[in-house]
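Residue numbers (our numbering): 4 to 338.
From the three backbone atoms N, C-alpha and C, an ideal C-beta is built for every residue, glycine too.
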Amino acid sequence: MPSFPVYLAHDHMQRAEDFAQDFVGGVSGKIVHLTVDSWIDAPTQDEYDHAYDSYDGFRDRGLGALANLHVVAGGPANNVRVVREFRDLETAQHSGQFAVIAGNEGGKILGSDPDLLDTWFQLGLRHVQFNWAMPNKLGASQDQENDPTQPGLTEFGRITIENMNDRGMIVDVSHSAPQTILDALEVTSKPILNSHSGGRSIADKPQNLFDDQIRAMADNGGVIGIHFCSRLVLGANGVQAEIADVVKQVRYVADVGGIDVVGLGPDWVLGDPARDEPYLRNTNQKGLTWAKGLKDSSELSNLWDPLVGAGFTAAEIEKIAGGNMLRLFRDVLPG
Ligand SMILES: [Zn+2]
């Protein structure tokens, strides 16, 4: 167990047994992405394809996942706390509970009515990542980065950021188009998150960030969660990353943006038997791998010694592991 708090910026595992594994693996808490802007575990490819370009069913699936999270947290073991206010993180830590920040990978759950955000807030949602691979009513996604007609952040996106700032919800620009990210940084009055990414000049994938974007996130006081997925760590498909490659990404982003911008966004999504098969089929990602030795939270402690070996001090590793996320939570969440 590490002697420091660990907070993950991006993860999809949300069963009671997943939270238990996280806790044993030394994780204090995480932003769990309840659903994604594509129906990743749709029962059939047809249903997945239909949902891809529509809003059908996303709000309901999001509500179902959030309700389920509250069921897990309300279980008799009382070992999971859904974070509504910053002080809940401290309470969770003192009482040996795993802290969960309810979030979502994509804005389709918000529909198109700004007033709906209040309902989500009341239900406990504290984070929205604006985009996945496709555009939505909030703004352009990474897949449109070279489309000269794409709008960046839309007017609805702008209002949503202001409302999220007012309420104490975390804005996440991972997967957004560079223009959307630029617009979001201009509109927001609070630090923002880029939850699962890396340095694009050493791994050329649209989800990763150019050096000027890394610096802009640092200027905002935001956090970039470093991804553990092989193809994003290395910038190529069909490859197997090692822990050293993840450490290289951490080092790169820290060198460009400073130590205060670096966090961890492993994006673990595999290991739920009910979801793995449809997810890999629907998204055509068979052969998807995470860095060897970091395949899930039970292996997270494998990262600490290589960070020491790369020259990071104990204080710097604390910031990377959770200190910077904790600062973001303090700056953004209510109370
Ligand atoms: Zn993602």
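- Runs of the alpha helix (DSSP H) lying entirely within the region 199-242, each at least 4 residues long, are 214-222, 233-237 in chain order.
- Taking the Cα of A12 as reference, the smallest distance to any Cα among L188, L156, I227 is reached at I227.
- Counting only runs of at least 4 residues, the region 277-313 fully encloses the following alpha helix (DSSP H) elements, listed from N- to C-terminal order: 307-312.
- For Y58, the three-state secondary structure derived from DSSP is coil.
- Rounded to the nearest angstrom, the Cβ distance from M220 to N197 is 6 Å, consistent with a contact under 8 Å.
- In the DSSP assignment, N327 falls within the alpha helix (DSSP H) that extends over 327-335.
- Residues of the same chain with a CB within less than 7 Å of the CB of S115, apart from the 5 flanking positions on each side, are K140, F159 in chain order.
- If only uninterrupted alpha helix (DSSP H) runs of at least 4 residues are considered, those enclosed by the region 118-150 are 119-126.
- The three-state secondary structure of L92, taken from DSSP, is helix.
- Here E148 has A180, P181, Q182, P209 as same chain residues with Cβ atoms under 8 Å from its own Cβ, once five neighbours each way along the sequence are excluded.
- The beta carbon of E302 is closer than 8 Å to those of G28, G296 in its chain, skipping five residues each way along the sequence.
- For E321, the enclosing alpha helix (DSSP H) stretches over residues 317-321.
- Looking at the DSSP output, F101 shares a beta bridge with V83.
- For W307, the closest of Q17, Q24, V30, A23 by C-alpha to C-alpha distance is V30.
- Here I217 has G202, I227, V256, V259, G260, V264 as same chain residues with Cβ atoms under 8 Å from its own Cβ, once five neighbours each way along the sequence are excluded.
- Bridge partners of N197 according to DSSP: I227.
- Here H15 carries a coil assignment [DSSP, helix/strand/coil].
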